[in-house]
Each structure stands twice: as C-alpha cells, then as structure tokens.
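J.: Handing you this structure, nothing more for now.
There are 4 protein chains.
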Amino acid sequence: MNTSRLEAFSDGVFAIAITLLVLEIKVPPPDTVLGAELLQLWPSYLAYVVSFLVIGAIWINHHAMFHHIVRVDGTLLLLNVLHLMLIAFLPFPTAVLAEAFHRGTDEPIAAAFYSSILTVIGIFVNAMWRYAAHEYRLIDPHLAAKKVRKLRRQFLFGPIAYAIATVVALVLPWLAVLLFILLNLFYLWPRWGYRSTP
Amino acid sequence: MNTSRLEAFSDGVFAIAITLLVLEIKVPPPDTVLGAELLQLWPSYLAYVVSFLVIGAIWINHHAMFHHIVRVDGTLLLLNVLHLMLIAFLPFPTAVLAEAFHRGTDEPIAAAFYSSILTVIGIFVNAMWRYAAHEYRLIDPHLAAKKVRKLRRQFLFGPIAYAIATVVALVLPWLAVLLFILLNLFYLWPRWGYRSTP
Amino acid sequence: MNTSRLEAFSDGVFAIAITLLVLEIKVPPPDTVLGAELLQLWPSYLAYVVSFLVIGAIWINHHAMFHHIVRVDGTLLLLNVLHLMLIAFLPFPTAVLAEAFHRGTDEPIAAAFYSSILTVIGIFVNAMWRYAAHEYRLIDPHLAAKKVRKLRRQFLFGPIAYAIATVVALVLPWLAVLLFILLNLFYLWPRWGYRSTP
Amino acid sequence: MNTSRLEAFSDGVFAIAITLLVLEIKVPPPDTVLGAELLQLWPSYLAYVVSFLVIGAIWINHHAMFHHIVRVDGTLLLLNVLHLMLIAFLPFPTAVLAEAFHRGTDEPIAAAFYSSILTVIGIFVNAMWRYAAHEYRLIDPHLAAKKVRKLRRQFLFGPIAYAIATVVALVLPWLAVLLFILLNLFYLWPRWGYRSTP
Chain X
1186 MNTSRLEAFS DGVFAIAITL LVLEIKVPPP DTVLGAELLQ LWPSYLAYVV
1236 SFLVIGAIWI NHHAMFHHIV RVDGTLLLLN VLHLMLIAFL PFPTAVLAEA
1286 FHRGTDEPIA AAFYSSILTV IGIFVNAMWR YAAHEYRLID PHLAAKKVRK
1336 LRRQFLFGPI AYAIATVVAL VLPWLAVLLF ILLNLFYLWP RWGYRSTP
Chain S
1186 MNTSRLEAFS DGVFAIAITL LVLEIKVPPP DTVLGAELLQ LWPSYLAYVV
1236 SFLVIGAIWI NHHAMFHHIV RVDGTLLLLN VLHLMLIAFL PFPTAVLAEA
1286 FHRGTDEPIA AAFYSSILTV IGIFVNAMWR YAAHEYRLID PHLAAKKVRK
1336 LRRQFLFGPI AYAIATVVAL VLPWLAVLLF ILLNLFYLWP RWGYRSTP
Chain C
1186 MNTSRLEAFS DGVFAIAITL LVLEIKVPPP DTVLGAELLQ LWPSYLAYVV
1236 SFLVIGAIWI NHHAMFHHIV RVDGTLLLLN VLHLMLIAFL PFPTAVLAEA
1286 FHRGTDEPIA AAFYSSILTV IGIFVNAMWR YAAHEYRLID PHLAAKKVRK
1336 LRRQFLFGPI AYAIATVVAL VLPWLAVLLF ILLNLFYLWP RWGYRSTP
Chain V
1186 MNTSRLEAFS DGVFAIAITL LVLEIKVPPP DTVLGAELLQ LWPSYLAYVV
1236 SFLVIGAIWI NHHAMFHHIV RVDGTLLLLN VLHLMLIAFL PFPTAVLAEA
1286 FHRGTDEPIA AAFYSSILTV IGIFVNAMWR YAAHEYRLID PHLAAKKVRK
1336 LRRQFLFGPI AYAIATVVAL VLPWLAVLLF ILLNLFYLWP RWGYRSTP
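Residue numbers (this note's numbering), protein chains in the order written: chain X, 1186 to 1383; chain S, 1186 to 1383; chain C, 1186 to 1383; chain V, 1186 to 1383.
Structure below.
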C-alpha cells in the first residue's frame, strides 16, 4: 500500500460522502404548497452547506497532511480507516441537525451530537499526524523540524474548537452552527488555512 | 494541491451526482397497475434526462476550462468547492421538478427553483474563469489573449440564458424545461459547444 | 478530452450504478418474521444478481471497445453521455422487475421494460462503435479491417438478443429473466465473450 | 484489461459500498425525544462500525493479493466481478443486522445471514488466489513458493472463521458480532494481518 493508493481511496470516500449529503433533503410531500415548503426546508439547506464545507475542508486538510507523508505503514492505514469511518458517518448527524432545526426542538442535542463527531474526527487527524511525524517515522525527512511542530499546533486547533462548540451547542445551538460555518470558511479561506503553509 | 488532483475529485463528484439522479425515481407502490404507473412517471424520466444532460454538459465544460488552467491556488480551490456544492445539490431540484409536473401544480415555482440553481452554477463558472484568467494568474501563459476573451464571453452565455429561463419558468414552465434541454444539447452538441474551441 | 479521462469518468458511473443496486433491496418492516421475510425477498436478490452481471458485462465490453479507440471527438462524447444515461438508469428497471416478481403480477410488463432498456443500451454501443470505426475515424489505424468487421458483428448480437428477450418477456417473463442471466454469463464467460478477441 | 484498471474499478466499488453504509441509519421520526432516540439507534451504529471494518479489511486484503498478481485473464475477471457483487451487497445484511438488534428479535437469523455472506466472500477470495497462483498462472514469477503457500493458508483462515461464526450466530448472536469485530481488527491490526507479510 503506497500513499497515492491510500489517498485515491480516501478521495473516493470524501467525494461520495460529500455527494450523498443531498439525499437527506426530502422532496415535500404531495398536498402541500410547494413554494412555502421549499422555504421551510431551510434547515436542510443550512445543514447541507455546513457539512459540505466541513467535508471540503477536511478533504483539503487531508491532502495537506499527506503532502508531507511519504510512506504508509499498518498503523497509519488503520488510523486512516477509522478516520474515514467518521467522515462517511457525517451524512447522519447532518440529517439529525436538519431534522432538529426543522422540528424546532432538541436543537441543543443535535448540534452537540454533530459537533462531538467533528471533535473525534479532529482527534484522529492529530493522531495520524503525531504518529507519522514522530521522529520523522513516515514523513519527508527534509521537512524542517520547525514546520513539523507548526503543523502539530495547527492540527490541535480543530478538535479544541469543536470541543468548545460542543459545549456551546448545549446552551446556544444556533451559535454552534454559526461556529461550524465560520471555522470551515476559515479553513477553506485562501491565505489562512493549512494550505497557506506551503 | 495540483490541477489533476482537483479535477479527479471534481470528476468524482460529477460522476456520483449524475448517478444518484436515478434514486429520485420511485418504484410504483403495490396495488397499482404497473404498466400505467410506469407511463405516469414520465415527469421523473424527463427530469432525469434534463439533469443528466445538464451535469454532463457542466462536466465537459469543467474539463474544457481546466484544460487551460495550469495552477491552483486557495481562491480557485474555494470557488471550485462552492461550485461542486451546487452541482451535488442538483438531484434535489430535479426531484422537486419531477414532483411538481407529477402533481400538475406548482410547476412554475419548481422550474424557476431549478433554473435559479443553474444560474448560480453558471455564475460560479464565470467567477472561476475570471479569477484564473485575470492577468494570466493561473492559466497557460501561451493561451492567446483573444482566446481568453472569447472563452470569457462564452462562459457568460450560460448564466444569462438560465436567468432568462428562470423568468420564463414563472410564466411558462414547460417552455423553460424545453429551454433546459435545448441549451444542454447545444452545449453537448459536437462542433458548437465550448469543446469546439480547441 | 482524451480517452483515458472519458474512460475514468465512465468507470466511475459504472462503479456507482453497480453499487447503488443494493439500495433497492429494502429491509423487512418490523412485526414480521425476519427469516421468512428474507426468503420472500428472493425477487430482489435475483434482480440484483441480474443487473450486477449486466452492468459488469457492459463495463468489460466498454473497455474492450475503448481499447481500440485512440481519440475522442464531440460526437463520440455525446454518444457516450447518452449511453451512460441509460446505464445509470438501470437501478430503476431493476427495482421495477423485483417489485413485479414480488407482487406476482405485471411480470411481463416489468421484464419487457427492463429488456427494452437493455436493447437501447445495445443500440448505443453499436452506434458508438460504428461512428468510431467508420473509415477508421477514431480507432487505432493498425487494427485489421477483418477485426473491425468482426467486432461490428459481435456488437450487433447484444441489441438483437435483448429485442428478442423483450418480446419473450411479454409472454414468458421468467424465460426472459433466464435469458438475461445466460446472456450476461455468456459475455462474462472466459474465452467466449468480447474479451476473448485479443 | 490490466490489473491497475481492475484494481481502480474494484477500489471504486469498495469506496462506494463503504460510504453507502450510512444511508441505512435512519433519522428518528418526528414526535420522539431526539436524545433518547439517538441512543436507541446503537444497533445501527454497531452494525455500521462492524461493516466499515469488514469492508476496510477486505479492501486492504484485496490490495495485498493484487500486489502479487501481474496479469488478469477472463476467469480472474469473472471471479472478481462475483466477489464485488457480494461486497456491494453488504449494506443490506448490515441493515438487517441493525434492524434485528433494534427489534430485539430474530438476532440469530440476522447474524447468521450476515456471517454467511462473509463466508462466501472469503470463499471467493480463496478461489481468486488459488486460480491466480496455480502454477504461477497470473502471479509474479519471482514470488517464493513458500510465500505462495503461506498466503494460501492465510486466505483460508477467513472463510473458516466466518463459517464458525455463522454457527455461533444461530446460538449466541452477540458473540458472533463480537467475533466479527475481533476478526476484522485482527486483519486491520498492524504487524498481524496480511499486510505484515511483505
């Protein structure tokens, strides 16, 4: 198993998970006024946008990490499979989030559920990088030690931010959703995110 | 992130979105006459054909554009993610369109909803090209300036046509659906579409 | 657009369509005896197997054809998009076939519907080969003329067989399903199918 | 058809099947307490984790096998298509397993159904290897005879273990599910699984 094969498989899972998100948006049932129904589906649209940005940002982040990883071993492979297991799970908390905001009840639990999954994803990102970078085990030996440490700090930011968002969600679910959007626009934003570190 | 990686991921999303369209066509429920039911599903078949042609044409168009783009930066990456977010969304307005024609009510709002999504997709296509081509920022430096301008004009045609179709849809939804088909056959047609410009 | 890009996109649609087939098999509802229900789902398993073999055989056939095609033009691209439109549609007639055999009524119309889609797919296969091979327009110039004619005859076999199966289906739907299985095992069978012609 | 094309198509089916698993987890219906409902869905989460590990392990195993296979012929192609037919089927027994544990009845039949599918998958893995390795028909001629025999013994372990698990499932379904998890962690575990044999 080489890194390009692992990346191609991971890319496949990312692309499929991101495209399956739309299946959670259900067509309004007959005997409704379509225009009004399409407007009332806003929680589904919002959840779709949030999760599309989330998966898009994790995908870019995954590439940024594997740009520095030159070999794969069994442990990294296992960590990556577990990481993908959580990515591929995201359409479910996305649908739960949309459903809760649609109902107008249980938003705190839905947003906290969503955010806690992202926290665990972030922990796996850190585990992968720390395992690969430990004593240059699997990364490019020419990568500067300063850069390795910098990336380690940057990867820490994600799970901490999502852990905070999980707590926020239990009190102010709306604010948590806003945090999800801002966080991922931050990651995707040119010049700021991980990619900006060449 | 290089262009081939970005194209491969985009191709994945195109291929998945185009293949998911069929999931919106539901098998007739028991206790119906199957032959008659299969005929009554014509709005679903029509919507399937329209969206398949739409996504196929956008896919070919995407390649035609990236044929000239030689580098990717953060801004183009973000624009492309937002572009894919709308492509992957298309199975939903497709299902809404089929549902409205099946019901025989609300066709104008469904067709206008569909057409407005395509308009926004067209705007993103233009934003990507304008950003990439501005002062040859990311495109092949050997591309003739005349050709760059020609492509810019061609890309403008899409969102303008769909914006007009959106207005038409509110009055004559059938005519709008006909316009969708004609527009995309035009794009896919050998010798006429963007591909014909070598 | 080069052939490898076209093949990669086509492969994606084949892989997705073949994997989506399983979504049409629904878990038995609560308050049923699971063991008995799993047995009663045999029409779904049968339809799954038939369509998996069908798409698998068409996929292998597609590669065998593109093995000889060295260039792509707009017409071939359009024919291929229309071809893929029918491949990606197959999960629907598959579900209809399973539903009809599950109900125990309307099997003739379901099997004929299924078979007629395969007939049209076969017609597109022929159109693609004839267009590409006409005066060696897009195929390898070193391919022997005898081989070109042989392939043309072989490709003709598919739509003729499926057209016959469509008529058979209207009278003896069970025999038609048996024909689908035999036909595709024939295509997939080592030494006999198209692949055996090196 | 070369091995890289076959592997790319197989990878696509693996990636799609593994990502479709989440679609079987249904959002709790309205008029329920979301927090409690999310907890009661544990059988779905468990089945998701089991099948994700299963498909992940089979995917890695598939690569390990094709690492040694240097040519493809019609028979191997047919065996691989039949193998993929069972992989792509896995979301269904996964959903059945989750449903049975959710109901609290019929767990033995559901777990035995699941396990028997995995047994058949394992039999196909063995058939593929034995066919390819027989008198070095399709494998690397430099592979040591000792290694070929070792791999043959290793591949035998899977279907035997799953056949035993099928019997166990009929009596102690919980123990069978535990066996599925342990077996696949064993396969995925660094240093132990097939990958550890370089």
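Note that CB positions come from ideal geometry on N, CA and C, so glycine has one too.
Between the alpha carbons of proline 1278 of chain C and histidine 1268 of chain S, how many angstroms are there, rounded?
T.: Taking the straight line from one Cα to the other gives about 32 Å.
J.: Taking a cut of 8 Å between CB atoms, which residues from the stretch 1249 to 1267 of chain X lie near chain V?
T.: Correct list: Asp1258, Gly1259, Thr1260, Leu1262, Leu1263, Val1266.
J.: Within 9 Å of any Cβ in chain X, is that where the Cβ of aspartate 1216 of chain S sits?
T.: No, aspartate 1216 of chain S lies away from the interface with chain X (no Cβ there is under 9 Å from its Cβ).
J.: Below 8 Å, can you find three or more Cβ-Cβ pairs linking the stretch 1213 to 1232 of chain C to the stretch 1341 to 1352 of chain C?
T.: No, because fewer than three Cβ pairs between the stretch 1213 to 1232 of chain C and the stretch 1341 to 1352 of chain C fall closer than 8 Å, the two stretches do not touch.
J.: Step through the CB atoms of chain C and report whether any lies within less than 9 Å of the CB of alanine 1299 of chain S.
T.: Note that residue 1299 of chain S corresponds to tyrosine in the displayed sequence, not to alanine. It does not; no Cβ of chain C falls within 9 Å.
J.: To test your reading of the DSSP string, which unbroken alpha helix (DSSP H) runs of 4 or more residues are found completely within the stretch 1311 to 1365 of chain C?
T.: List check, alpha helix (DSSP H) in window: 1330 to 1356.
J.: Between the Cα of arginine 1256 of chain V and the Cα atoms of V/Phe1194, V/Glu1209, V/Ser1189, which residue gives the shortest distance?
T.: The option with the nearest alpha carbon to arginine 1256 of chain V is V/Ser1189.
J.: Does the CB of glycine 1241 of chain X have a neighbour CB from chain S at under 9 Å?
T.: Glycine 1241 of chain X counts as touching chain S.
J.: What does a CB cutoff of less than 6 Å around leucine 1364 of chain V pick up in its chain, not counting 5 residues either side in sequence?
T.: Answer for leucine 1364 of chain V: Ala1350, listed in chain order.
J.: Answer yes or no: do glycine 1197 of chain S and alanine 1242 of chain X have a C-beta to C-beta separation smaller than 9 Å?
T.: For glycine 1197 of chain S and alanine 1242 of chain X, no; Cβs fall outside 9 Å.
J.: Does alanine 1200 of chain S come within less than 9 Å of chain B when only Cβ atoms are used?
T.: The question asks about chain B, but that chain is absent: this structure's protein chains are X, S, C and V.
J.: Candidates V/Phe1237, V/Ile1210, V/Phe1251: which alpha carbon is nearest leucine 1224 of chain V's?
T.: Checking every option, the nearest Cα to that of leucine 1224 of chain V belongs to V/Ile1210.
J.: According to DSSP, is isoleucine 1210 of chain C part of a helix, a strand, or is it coil?
T.: It is coil, neither helix nor strand.
J.: Just the C-alpha distance for isoleucine 1306 of chain C and methionine 1250 of chain C, rounded to the nearest angstrom, thanks.
T.: Their backbone Cα atoms lie some 14 Å apart in a straight line.
J.: Arginine 1315 of chain X and arginine 1337 of chain X - do their beta-carbons sit closer together than 9 Å?
T.: Result yes, Cβ atoms of arginine 1337 of chain X and arginine 1315 of chain X sit closer than 9 Å.
J.: Mind reading off the beta-carbon distance from isoleucine 1254 of chain C to alanine 1317 of chain C? Whole number of angstroms is fine, and I expect it under 8 Å.
T.: So it is a contact: roughly 5 Å between Cβ atoms.
J.: Please identify, using Cβ separations under 7 Å, the residues of the stretch 1335 to 1352 of chain V that lie next to chain C, in order along the chain.
T.: For the stretch 1335 to 1352 of chain V, which is checked against every Cβ of chain C, not one residue is closer than 7 Å.
J.: Name, please, each residue of chain S whose Cβ falls closer than 8 Å to the Cβ of phenylalanine 1286 of chain C.
T.: Chain S residues near phenylalanine 1286 of chain C: none, gap ~11 Å exceeds 8 Å.
J.: Using only the alpha-carbon positions, how far apart do valine 1310 of chain C and proline 1276 of chain X sit?
T.: Approximately 37 Å between the Cα atoms of the pair.
J.: Which residue's Cα is closest to the Cα of leucine 1205 of chain X: S/Ala1361, S/Thr1304, S/Ile1272?
T.: Nearest C-alpha to leucine 1205 of chain X: S/Ile1272.
J.: What is the rounded straight-line gap between the Cα of aspartate 1325 of chain S and the Cα of histidine 1319 of chain S?
T.: Approximately 12 Å, taken between the alpha carbons.
J.: Cβ closer than 9 Å: which chain X residues qualify as neighbours of arginine 1190 of chain S?
T.: Those are Glu1192, Asp1196, His1248, listed as they occur along chain X.
J.: Report the neighbours of isoleucine 1302 of chain V on chain C: residues whose CB is nearer than 7 Å to its CB, in chain order.
T.: Within chain C, no residue comes near isoleucine 1302 of chain V; the closest Cβ sits about 11 Å away, beyond 7 Å.
J.: So tryptophan 1374 of chain V is in the alpha helix (DSSP H); what residue range does that whole segment cover?
T.: That residue, tryptophan 1374 of chain V, is in no alpha helix (DSSP H); it is neither H nor E in DSSP.
J.: Using a 10 Å radius around the Cβ and a threshold of 16 neighbouring Cβ atoms, would you call histidine 1327 of chain V buried or exposed?
T.: With fewer than 16 Cβ atoms within 10 Å of its Cβ, histidine 1327 of chain V is classed as exposed.
J.: Please name the residue, chosen from S/Ile1245, S/Ser1229, S/Leu1219, S/Asp1258, that lies closest to leucine 1191 of chain S on a Cα-to-Cα basis.
T.: When each option's Cα is compared against that of leucine 1191 of chain S, the closest is S/Asp1258.
J.: So that I know if they touch, is there some Cβ in chain S lying closer than 9 Å to that of leucine 1323 of chain C?
T.: Chain S contact via Cβ: absent.
J.: For chain V, is any of its Cβ atoms less than 9 Å away from the one on proline 1375 of chain C?
T.: Closer than 9 Å: yes.
J.: For proline 1358 of chain S, decide whether its Cβ has a neighbour in chain C, counting only Cβ atoms nearer than 9 Å.
T.: No - not a single Cβ of chain C is within 9 Å of the one on proline 1358 of chain S.
J.: Counting only the same chain and skipping the five closest in sequence on each side, list residues whose C-beta sits under 6 Å from that of leucine 1238 of chain C.
T.: These residues qualify, in order along the chain: Asn1369.
J.: Leaving out five residues on either side along the sequence, give the residues of the same chain with a beta carbon under 6 Å from the beta carbon of leucine 1303 of chain X.
T.: Once the five neighbours on either side are set aside, the close Cβ partners of leucine 1303 of chain X are Tyr1347.
J.: Closest to alanine 1164 of chain S by CA distance: which of S/Val1352, S/Glu1284, S/Lys1335 is it?
T.: Residue 1164 of chain S cannot be examined here, being either before or after the span of chain S that is shown, 1186 to 1383.
J.: Does phenylalanine 1277 of chain S have its Cβ less than 9 Å from a Cβ in chain C?
T.: So, not an interface residue.
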